DNA sequence: GAAATAGGTGTGGTCTGACCACTGTAAACG
DNA sequence: CGTTTACAGTGGTCAGACCACACCTATTTC
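Chains as they are written, first to last, in this note's numbering: chain A, 54 to 260; chain E, 54 to 260.
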């Protein structure tokens, strides 16, 4: 029964190894040759496993040095998938809609954790034209303090920007209104300000 | 300049090849040996690329037959990542919070496109205990008609399930309340019903 | 003639050995 | 003591070999 693929078994072994030795990001894992010997498999099989994990962004290899565990949290794999998937028109509309929804979500999150100081600083930045739209929302999303959520937004942002939509010129005033609404902790007003910012009306009636 | 890794180049080539030939899921891609020859690289490098894509779930290989493009939609990569990544507690909380937020989002989406027939059918299914929680929400999310959003939820669901949280026993009644609220197009009532279903209260005050 | 069989071909799966490019370090040198 | 050099270890790549398996086809068998 040579049923199971060796490289998958190696992936599994590696996972256990990492867990057992409590390895963290930055730590070195055994060399390909050593793994090959220890696990009684060919080096090519080890490499297949490592390359797969590398593409997933779980490890990092440096020639002449070795293979290291990576900080998983920036899983770029979704972007990889994105370039494979996003194609038809409906998908584009979905991106736009989803991005808007997510942005409203973290506006609500921010409402719960309003930090007037940070918002004030942000206001100054807008005043000095220091930020573009992405950067503005990135500042906000950081306040929401949810890493996973940030990731989703970052990916959506990339998707969105890759759509090459005609850029709408926003006026600074819209951002001010939004920030003020946040400071006032007024959800309705905040979301209204957002809709105005994005020129939303019909489709997103409830949003 | 042997800078770029060959296997990454192969991944890229494959992507272009798939795009150019308009290959869809189920289609066969050239054999390892043929790719090796056509791209002037060693077969082992081709294999490294293919194994990586396989682990990502983008292709499927069948010994004796060949390598085929897979239906991307079934993202099993999440499980892999899940077991690798989700470690610290904050990350887990983020997953939970995010999943809840997303679910509320598509409840709102559904509110805009209420289809009483479908909701009625869903009600019957719940009545007959045909669905578990995931399936219930999957039915709802389909009504929201946003593929990208569905994908995000599916991923979150997988993450969530890989957390191995103690299962809360939901009672059917909560689902009924939720469905009724949807049918009535009452946003407040819908979200309240959802919170009750998930036993949310404090943290998600605004939600 | 139809069905069962055997063989051939093509495919992925794995291993081995070889060589290259690069890094870090210890030994040799000045 | 500082600099240079040589070497060992590591990842990167390739070529060739063999195995296991799936499929098709020609042959045999009934």
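Glycine included, every Cβ here is placed at the ideal spot set by N, Cα and C. Because the structure is a prediction, the values reported are computed rather than measured.
query: For residue 53/A, which beta-bridge partners are listed by DSSP?
result: There is no way to answer for residue 53/A, as the model of chain A reaches only from 54 to 260.
field: Cα-Cα separation, residue 169/A to residue 169/E
entry: Annotation: residue 169/A to residue 169/E spans about 44 Å, alpha carbon to alpha carbon.
- request: Just tell me which of 231/E, 71/E, 161/E has its CA closest to the CA of residue 111/E.
  value: Of the listed residues, the one whose Cα sits closest to residue 111/E is 71/E.
Closest Cα partner of residue 198/A within the set 173/E, 245/E, 148/E, 193/E: When only C-alpha atoms are compared, the closest one is 148/E.
- prompt: So, helix, strand or coil for residue 81/E, using DSSP?
  reply: Three-state result, residue 81/E: strand.
message: Which residues in chain A have a C-beta closer than 7 Å to the C-beta of residue 73/E? List them in chain order.
response: Contacts between residue 73/E and chain A, judged by CB atoms closer than 7 Å, are missing: the closest CB pair is about 13 Å apart.
- prompt: Would DSSP call residue 97/E helix, strand or coil?
  reply: In the structure shown, residue 97/E sits in a helix (DSSP, three-state: H, G or I).
message: Strictly under 7 Å for the Cβ-Cβ distance: is residue 123/A near chain E by that measure?
response: Cβ-Cβ to chain E under 7 Å: no for residue 123/A.
query: Is there a Cβ from chain E that is less than 7 Å from the Cβ of residue 191/A?
result: The C-beta of residue 191/A comes no closer than 7 Å to any C-beta of chain E.
- prompt: Is residue 199/A helix, strand or coil when you go by DSSP?
  reply: If DSSP states are grouped into helix, strand and coil, residue 199/A belongs with coil.
task: Please state whether DSSP places residue 166/E in a helix, a strand or coil.
output: Residue 166/E: coil per DSSP, three-state reduction.
- prompt: Which of the three DSSP states, helix, strand or coil, is assigned to residue 210/A?
  reply: Three-state result, residue 210/A: helix.
- prompt: Are the segment 72 to 89 of chain A and the segment 114 to 123 of chain A in contact at 8 Å, needing three or more beta carbon pairs?
  reply: By the Cβ test, the segment 72 to 89 of chain A is in contact with the segment 114 to 123 of chain A, since at least three Cβ pairs between them sit closer than 8 Å.
query: Do the segment 240 to 248 of chain E and the segment 152 to 168 of chain E touch if we need at least three Cβ pairs shorter than 8 Å?
result: Touching, yes, given that three or more Cβ pairs across the two stretches are closer than 8 Å.
field: C-beta contact flag for residue 167/A and residue 65/A at 7 Å
entry: No.
query: residue 232/A and residue 176/A look like a contact to me (Cβ under 8 Å); what is the Cβ gap, rounded to whole Å?
result: Their Cβ separation, rounded to whole angstroms, is 5 Å, which keeps residue 232/A and residue 176/A in contact under 8 Å.
task: Measure from the C-beta of residue 218/A to each C-beta in chain E and report whether the shortest distance is under 7 Å.
output: The beta carbon of residue 218/A does not come within 7 Å of any beta carbon belonging to chain E, so the residue lies off that interface.
task: Work out the CA separation of residue 248/E and residue 172/E for me, nearest whole Å.
output: In this model, residue 172/E and residue 248/E are separated by some 19 Å (Cα to Cα).
- request: Mark residue 153/E as exposed unless 16 or more other C-beta atoms lie within 10 angstroms of its C-beta, in which case mark it buried.
  value: With 16 or more other Cβ atoms within 10 Å, it is buried.
task: For residue 60/E, I'd like the list of residues in its chain whose CB is within less than 6 Å of its CB, leaving aside the five on either flank, ordered along the chain.
output: Setting aside the 5 residues that flank it on each side, residue 60/E is surrounded in the same chain by 98, 101, 102, each with a C-beta closer than 6 Å to its C-beta; the list follows chain order.
field: Where the segment 162 to 174 of chain E meets chain A: residues whose CB sits under 7 Å from a CB there
entry: Taking 7 Å as the cut-off between beta carbons, the residues of the segment 162 to 174 of chain E near chain A are 164, 165, in sequence order.
message: When you measure from the CB of residue 110/A to every non-hydrogen atom of the ligand NAD, does any distance come out below 6 Å?
response: This structure lacks the ligand NAD, and indeed carries no ligand of any kind.
message: Please classify residue 174/E as buried or exposed, where buried requires at least 16 neighbouring CB atoms within 10 angstroms.
response: Residue 174/E should be labelled exposed.
- prompt: Taking the alpha helix (DSSP H) that residue 226/E falls in, what are its first and last residues?
  reply: Start and end: 225 to 236.
field: Through-space distance from residue 145/E to residue 138/E, alpha-carbon basis
entry: Low per-residue confidence applies at residue 138/E: pLDDT is 46, beneath 50, and the placement is therefore not dependable, though the value from the model is reported in the following sentence. Cα to Cα, residue 138/E sits roughly 10 Å from residue 145/E.
message: Distance cutoff 7 Å, beta carbons only. Does residue 201/E sit that close to anything in chain A?
response: So, interface residue.
query: Is residue 129/A close to chain E, meaning its C-beta is less than 7 Å from at least one C-beta of that chain?
result: Note on residue 129/A: pLDDT 49, under 50, position unreliable in the model; the coordinate value appears next. Judged by the 7 Å Cβ criterion, residue 129/A is not in contact with chain E.
task: Assign residue 171/A to one of three DSSP states: helix, strand, or coil.
output: Here residue 171/A sits in helix by DSSP.
- prompt: Helix, strand or coil for residue 241/E per DSSP?
  reply: Three-state result, residue 241/E: helix.
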